[in-house]
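Residue numbers (my numbering), protein chains in the order written: chain A, 1 to 266; chain B, 1001 to 1316; chain C, 2001 to 2400. Don't be surprised by glycine CBs; every beta carbon is placed ideally from N, CA and C. Everything below concerns the one structure shown next.
Written as structure tokens, this is what we have:
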């Protein structure tokens, strides 16, 4: 612990405790036999069973996963294109507006984004449902993908591409054999981020969904408003578990690429 | 061909954002200037392009600032806007106070620990926002964990009322936005050369003075980035005040939601959105400028630094 | 250095001098090439011929345009004016991936996601070469750079010197007609750099490929090159063999950039082919000059025909071509090519000792002395009064 003062250690410990205790409590009490959320009634997986029998919740989960998947695919493609445009095309006309359009949705309050998209769908008379949610999610998720891929592209050593050209590869082949493989970890990270952002979203989905397309966060929200049930704890624990697994995998992938990047930087 | 594909790389994402971000904003503005109708869609006038120029003129004549006048006359809207800004400012201040020591400790930690600490900071932030807010309901409610343990420990005899007050809102906002503050701060502090502190100490500065005169000024870009990343979305926050704030906590995002979903007054909701947007436009522009400057600096400085602070994927 | 009737200066390969042969056809020609970035001129109306099989160095300070020149040859930049010919073909409009030219990058630019073997095979795969032919060529290349044992390694598992070898092997694998090397040794430490210089020369002679090296390191250029082009501000200021560059620099810039030199401002008094230089030994190129500061007389043996009495020139002398001795020991202090002063600094470098001497007119000059013996009796000390002199043929007259 060289260099860490007592104050540093205290800040880290308290900070991490603050971040993790609520989540841990939620996970632990999802195995609580008792219906009373704070009284421990013994270990049980009863609520997990109930959760899987809760048909509307399962349907919502399925909708959410599908929306997230479609969103992640579209957002990754669009975000990667935008990142390429920003890093590889210098000063094109309308670049200032373009960067504005990339950064604004990331900080825009969700109520505004949601409302504006809903009003658009109404104005063009589009039936709301699965696809409108996916389009809405793609719009803000792609901006996050752009920022991730852009930072990777900016750190990218352009001489690698020149070397490949010099060795006789035509430009399209350089892109697919050199650029894409090296940027791939960032694109994958962007995909995962877009997926979780979409799975996570309540506000924008509430505005842009229609009958028949209720997402999991919408369902959880309405149940929480009514007081919450142990089933929601179980659903939360599952989601947390999934995310933790995904993050561990992503960390390993990113580490590998960081090694590569370090080698490149030498 | 080559040229055409290069153009497409710009045009496709550009058109998407224009169609699904810029155009919707224009529609919000238009509807904010319309009046509500009991119809589908529930506002008037409707733009009828088939009517040609006359239709266009008639359309613009029918627009009015009535909704904004209404907003200005009704205390509710001004109060919720002011209350939003107040809550957002206080939360951001708390976030800086709590986030700085954490980020500073992370940056001072041995190099091999840092990726793990960053991952630990990011992990909760990947889990659902809604679930993290929900976790606090279980903790803060009168018969919740906090009161349970405090009474159990004999510190209090009556349960504290925290849920459905502004305190609960502050706690949950600080909790959910903490990584947004810590990560940009960490990014700047980590890049800072520690020998600068040693130089300041060598030149006679006390530990505290070195911190205030060297560390804090150099961390300013991180403080600004983190503050904007927290302040802007918190001002428009809906979930936290709705689930934890009780009925007396006014926030503009929630007011908009109620106006839209409960009162079905779309023009007024759109006007509220417009007001919120105007209030936030300055910080958003500052944020964009700071981010693109950081991007460029990052490019010059090589692989270090990296992405916008809110991206969950980037870790060193 | 040979002395006598014919003046000769060091060259790497005595039998290789196509530039001296009027019948030889240049392999690469830069014809009035210029390159502007915005309003910044990187290369200004530059013409240069390079011959087949040459080891050619572009030497100059950073920002002199040498890298731009190389990148134009590789095809990464297009000239704003003039043309570049390779053989008989104008390279204008030929994409970098279609040029018979390969480059070794300063950063090496090894693909981090491919093994050593795959890196070397990359260029061959683009040619559509058969799989076993590629394997054979890669094996050859690994052998050439002595990296057989590292074929399966990833670039990040190699040391700097090993990466340099892989980069070289990769660039040579396609048997390019010209190999461009951009600061090839800049990332290596001093010892390794010296070894590698000789290895590069061996490989170049073995393969007979034309090598063009860009460097800012004069020692590197002097060691390896058949000819050096010294560049300054987008122009070539001198193209010659290393020996000529060093011993007969064309300008003050070249003299100053390559090696150390002492410059004395002077005015021509007489001499030359038909002049009178005080009846000196009949070389026919002996000039007498007088220093602009002080009254020192110089006599310089330099076959420069275009001088006239009264011309302002500089007398340039390399530090190792000057002698330093105690004033008391001087036979005729104040004689021609003799300057008096005192020892200002002494730097002992092992093989050499560097004396900085403050002349009586206030100028500080540099004189080096080889430490040919292990011990010196009664060595020169700081602040001692000394005289410095040089032979008439040790100096060069610079006009600009």
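If the five residues before and after residue 2068 of chain C are omitted, its C-beta is found closer than 7 Å to the C-beta atoms of 2035, 2042, 2043 and 2077, all from its own chain and listed in chain order. In the DSSP assignment, residue 2316 of chain C falls within the unbroken beta strand (DSSP E) covering 2312–2317. Every unbroken stretch of the alpha helix (DSSP H) spanning 4 or more residues and falling wholly within the region 1235–1270 of chain B is given here in chain order: 1239–1244 and 1252–1257.
Closer than 8 Å to the CB of residue 2102 of chain C there is at least one CB belonging to chain A. Annotation for residue 1209 of chain B: the continuous alpha helix (DSSP H) segment containing it runs 1207–1210. Nearest CB-CB separation between residue 182 of chain A and chain C: below the 8 Å threshold.
The Cβ atoms of residue 1173 of chain B and residue 1091 of chain B sit closer than 8 Å to each other. Bounds of the alpha helix (DSSP H) holding residue 62 of chain A are 55–88. Between residue 72 of chain A and the set A:219, A:195 and A:231, the nearest pair of CA atoms involves A:195. Shown here, residue 2205 of chain C sits in a helix according to DSSP, grouped into three states. Judged by DSSP in its simplified three-state form, residue 1099 of chain B adopts helix. In the three-state reduction of the DSSP assignment, residue 31 of chain A falls in the coil class. For residue 142 of chain A, the chain B residues whose C-beta falls within less than 9 Å of its own C-beta are 1013, 1016 and 1017, listed in chain order.
DSSP places residue 1112 of chain B outside both helix and strand once states are collapsed to three, so it counts as coil. Near chain A, meaning a CB-to-CB distance below 7 Å, the residues of the region 2076–2107 of chain C are 2076, 2096, 2097, 2102, 2103, 2105 and 2107. Not a single C-beta of chain B is nearer than 8 Å to the C-beta of residue 231 of chain A. As the crow flies, the alpha-carbon of residue 215 of chain A is around 55 Å from that of residue 2037 of chain C. For the pair residue 187 of chain A and residue 76 of chain A, the CB atoms are nearer than the 8 Å cut-off. Using a CB distance cut-off of 8 Å, residue 2122 of chain C counts as an interface residue toward chain A. Of the candidates B:1031, B:1179 and B:1225, the residue whose Cα lies closest to the Cα of residue 1118 of chain B is B:1179. Around the CB of residue 62 of chain A, fewer than 16 other CB atoms lie within 10 Å, so the residue is classed as exposed. Every alpha helix (DSSP H) of 4 residues or more that sits fully in the region 2059–2108 of chain C is shown, in chain order, as 2066–2074. With a contact defined as Cβ atoms closer than 8 Å, residue 2101 of chain C and residue 2178 of chain C qualify at about 5 Å.
For residue 2142 of chain C, the closest C-alpha among the options C:2015, C:2156, C:2254 and C:2171 is that of C:2171.
With its beta carbon less than 8 Å from one in chain B, residue 98 of chain A belongs to the interface. Contact between residue 2212 of chain C and residue 2221 of chain C does not hold, since the beta-carbon distance rounds to 12 Å and is not under 8 Å.
Scanning A:13, A:170 and A:142 for the CA closest to the CA of residue 74 of chain A turns up A:142. Per DSSP, the unbroken alpha helix (DSSP H) holding residue 159 of chain A starts and ends at 158–166. The three-state reading of DSSP puts residue 2376 of chain C in coil, since its state is none of H, G, I, E or B. Taking 8 Å as the cut-off, the beta carbon of residue 2310 of chain C is found closer than this to the beta carbon of residue 2267 of chain C. For the region 1218–1235 of chain B, residues whose beta-carbon sits nearer than 8 Å to a beta-carbon of chain A comprise 1228, 1229, 1232, 1233 and 1235. Within chain A, the C-beta atoms nearer than 9 Å to that of residue 1276 of chain B come from 109, 111 and 112, in chain order. Here residue 2213 of chain C is bridged, per DSSP, to C:2057 and C:2181. When only Cα atoms are considered, residue 22 of chain A and residue 49 of chain A end up about 23 Å apart. Out of B:1109, B:1089 and B:1285, the CA that lies nearest to the CA of residue 10 of chain A is found in B:1109. The way I'd put it, the region 2160–2176 of chain C does touch the region 2187–2199 of chain C; three or more beta-carbon pairs between them come closer than 8 Å.
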